[in-house]
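One rule links them: number in our numbering = place in the sequence shown (from 1) + 1.
For each residue, glycine too, the CB sits at the ideal point set by N, CA and C.
Please read these numbers as outputs of a predicted model, since none were measured by experiment.
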Amino acid sequence: MATGMSLTLCFLTLRHKRPQARYIIWPRIDQKSCFKAMITAGFEPVVVENVLEGDELRTDLEAVKRKIEELGAENILCVHSTTSCFAPRVPDRYTLCPASRFKLLTISI
Numbered sequence: 002m003a004t005g006m007s008l009t010l011c012f013l014t015l016r017h018k019r020p021q022a023r024y025i026i027w028p029r030i031d032q033k034s035c036f037k038a039m040i041t042a043g044f045e046p047v048v049v050e051n052v053l054e055g056d057e058l059r060t061d062l063e064a065v066k067r068k069i070e071e072l073g074a075e076n077i078l079c080v081h082s083t084t085s086c087f088a089p090r091v092p093d094r095y096t097l098c099p100a101s102r103f104k105l106l107t108i109s110i
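Below you can see the structure in the form of structure tokens.
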């Protein structure tokens, strides 16, 4: 199955675990299939802008944490992370992601 359809099915399945969730936190905006999957599954993507570190774009982990606190963890399905990408962006630091602190799932592709 294609990436977008697979993600859509994952998001729809996770909805059973968090039926009140409305948002998916997404620290990137360069993959249309991921964005379309969130919309198709009925969630609102919450994009967290990256930060420039040297010549690389990196995940702003503090901004992810603030967004979780702002929206409320109970309203967030997951943090959708990406572990592969094209330069100048580097993979998300999903192992450092604050999602686990809020008992949220991090989905990485």
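Give the single residue among the options whose Cα lies nearest to the Cα of residue i.
i, options, result
"L62", "Y24, M39, S82", "S82"
"A74", "I26, T14, M6", "I26"
"E50", "M39, A64, F44", "A64"
"Q32", "K66, R67, L78, T4", "T4"
Rounding to the nearest angstrom, what Cα-Cα distance links residue i and residue j in this structure?
i, j, result
"I110", "I69", "The predicted model places I110 with a pLDDT of 49, which falls under 50 and marks its position as unreliable, so this point remains unresolved."
"M2", "L72", "32 Å"
"A38", "H17", "17 Å"
"P20", "S7", "19 Å"
"G43", "Y24", "9 Å"
With a CB to CB cut of under 6 Å and the five nearest residues on each side skipped, what residues in its chain are close to residue i?
i, result
"V52", "R59, D61"
"T41", "T9"
Hey, quick one: how far does the alpha helix (DSSP H) through residue i stretch, first residue to last?
i, result
"F12", "4-15"
"K18", "From DSSP, K18 is part of no alpha helix (DSSP H); its letter is neither H nor E."
"A42", "Neither: A42 is in no alpha helix (DSSP H) and is coded neither H nor E."
Identify the continuous beta strand (DSSP E) that holds residue i and give its terminal residues.
i, result
"V47", "45-48"
Practice item. Give, in chain order, every unbroken run of the beta strand (DSSP E) that is at least 3 residues long and sits entirely within the region 51-77. Key: Entirely contained in the region 51-77, the beta strand (DSSP E) runs reaching 3 residues are, in chain order, 52-54, 57-59.
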